[in-house]
Ligand SMILES: [Fe+2]
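Residue numbers (the working numbering): 625 to 923.
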């Protein structure tokens, strides 16, 4: 075990409309667990402990129960092989190791086949508070637990199948579907009997956004509406201006039953909605004050 952090095999950066994006080897890699350094395990613990504390009473009960059922602890970076035994028994999902973000079609294909790609490397100690790209902590701590929940597990697989379809239809369909992923899987809130809770991975893996999404008066909190979400632009560089709230995971899976093709066709003639805008047709749970919002930068 070395004292440095284990690093991904990065190939190069490509310039896209979202800036410079790192491109990694796209193959599945076996998690090089023995290569994690003491620093890597310590980084996991330093991220895990405080974030889990923040999430008790803030993340939805299903998420917290799933983390416990998977045996996630701050003691060491989990072994994918051990997680996969529990996950496989629960919902048939598997975690696979990857070097980083995958091309869209590869990603969709994995999801459709109940394989969730997890970045095997963890951020460096100086990135504890912020890292721009997904690492092991975001992917594993944030995304994997809800794959234990049958209804959410089905939703993720349906999203993968939908992604393959949208990819074949065209860029606009894909953009509409990506917004659905963003506002549910990454940044979704859910109503529980005792109030609003978090289920989105982008929120649960960030202390700042866990507090902001639930407790700040600044962002809008609006009831889930599939087509409305598909039209809504979002933030990639800051907390969201709007969060969409589902009543249950059942609502999410029911929303994905219909064929999206006619929906994409209908949306094609409609303007996108700025990230912070509230419509008169919205069911508004909280109208944001907009405090601290940047005036541009929606994607
Ligand atoms: Fe993510």
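Each residue gets a CB set at the ideal place from its N, CA and C atoms; glycine is no exception.
- request: Would you check whether ligand 2 has a heavy atom nearer than 8 Å to the C-beta of residue 763?
  value: The model depicted lacks ligand 2 and carries ligand 1 instead.
N-terminal and C-terminal residue of the alpha helix (DSSP H) that residue 704 is part of
Translated into positions along the chain shown, residue 704 becomes position 80. From DSSP, the alpha helix (DSSP H) with residue 704 extends over 704-715.
Please confirm whether residue 629 and residue 745 have their CB atoms less than 9 Å apart. As a position in the chain shown, residue 629 is number 5, starting the count at 1. As a position in the chain shown, residue 745 is number 121, starting the count at 1. In this structure, the beta-carbon distance from residue 629 to residue 745 falls below 9 Å.
- Distance, residue 823 Cα to residue 679 Cα: Working through the chain shown from its first residue, we reach residue 679 at position 55. Working through the chain shown from its first residue, we reach residue 823 at position 199. Between residue 679 and residue 823, the C-alpha separation is close to 10 Å.
Inset, instruction - Have a look at residue 681 and residue 658 and give me their C-alpha separation to the nearest angstrom. - result: Residue 681 sits at position 57 when you count from the first residue of the chain shown. Residue 658 sits at position 34 when you count from the first residue of the chain shown. So the alpha carbons of these two residues sit roughly 35 Å apart.
- request: Could you check what DSSP says for residue 739 in three-state terms: helix, strand or coil?
  value: Numbered from 1 along the chain shown, position 115 holds the residue referred to as residue 739. Note: residue 739 maps to strand in three-state DSSP.
Going by alpha carbons, who is nearest to residue 720 out of 900, 710 and 738?
Numbered from its first residue, the chain shown carries residue 720 at position 96. Comparing Cα positions, the closest option is 738.
Helix, strand or coil, according to DSSP, for residue 683 in the structure here?
Taking the chain shown and counting its residues from 1, one reaches residue 683 at position 59. Strand, per DSSP.
- How big is the Cα-Cα spacing for residue 705 and residue 828? As a working note, residue 705 is residue 81 in the chain shown. As a working note, residue 828 is residue 204 in the chain shown. Each residue's Cα considered, the two are about 23 Å apart.
Can you give, in chain order, each stretch of the beta strand (DSSP E) that sits fully within the region 843-910 and has at least 3 residues?
-> The qualifying runs are 844-847, 866-870 and 908-910.
Can you tell me whether residue 803 is buried or exposed? The criterion is at least 16 other CB atoms within 10 Å of its CB, across all chains shown.
Along the chain shown, read from residue 1 onward, the residue named residue 803 stands at position 179. By the 10 Å Cβ count, residue 803 comes out buried.
Does residue 724 come out as helix, strand or coil in the three-state DSSP assignment? Against the chain shown, residue 724 aligns to sequence position 100. It is coil, neither helix nor strand.
* To do: Rounded to whole angstroms, what's the CA-CA distance from residue 916 to residue 898? Just pull it up for me.
  => On the chain shown, position 292 is the one that residue 916 refers to. On the chain shown, position 274 is the one that residue 898 refers to. Rounded to whole angstroms, residue 916 to residue 898 spans 16 Å at the Cα level.
Going by Cα to Cα distance, which pick from 912, 674 and 849 is closest to residue 800?
-> Position 176 of the chain shown, counting from 1, holds the residue named residue 800. Looking from the CA of residue 800, the closest CA among 912, 674 and 849 belongs to 849.
**Asked** Can you name the residues that DSSP bridges to residue 719?
**Response** Residue 719 sits at position 95 when you count from the first residue of the chain shown. For residue 719, which the question treats as bridged, DSSP gives the partners 740.
Practice prompt. Give a yes or no on contact between the region 876-892 and the region 777-791, applying the rule of three or more CB pairs nearer than 8 Å.
Written response: With contact defined as three or more Cβ pairs closer than 8 Å, the region 876-892 and the region 777-791 are in contact.
Separation of residue 764 from residue 992, as counted between CA atoms: Outside the shown range of the chain (625 to 923) lies residue 992, about which nothing can therefore be said.
ask   = Contact between the region 745-761 and the region 804-823: three or more CB pairs below 8 Å?
value = Flag = no, the region 745-761 and the region 804-823 do not touch.
**Message:** So residue 728 and residue 767 are supposed to be a Cβ contact under 8 Å. How far apart are they, rounded?
**Reply:** Within the chain shown, residue 728 is the residue found at index 104, counting from 1. Within the chain shown, residue 767 is the residue found at index 143, counting from 1. Here residue 728 is actually not in contact with residue 767; their C-beta atoms are around 17 Å apart, not less than 8 Å.
I'd like to check one pair, residue 826 with residue 762: are the Cβ atoms closer than 9 Å?
Locating residue 762 in the chain shown gives position 138, counting from the first residue. Locating residue 826 in the chain shown gives position 202, counting from the first residue. Yes. Within cutoff.
Given 8 Å as the limit, tell me if residue 839 has its C-beta closer than that to any heavy atom belonging to ligand 1.
For the purposes of this step, residue 839 is identified with residue 215 of the chain shown, where counting begins at 1. No heavy atom of ligand 1 is found nearer than 8 Å to the CB of residue 839.
Quiz item: Any chance the CB of residue 734 is under 8 Å from a heavy atom of ligand 1?
Solution: As a position in the chain shown, residue 734 is number 110, starting the count at 1. Not so, every heavy atom of ligand 1 lies at least 8 Å from the Cβ.
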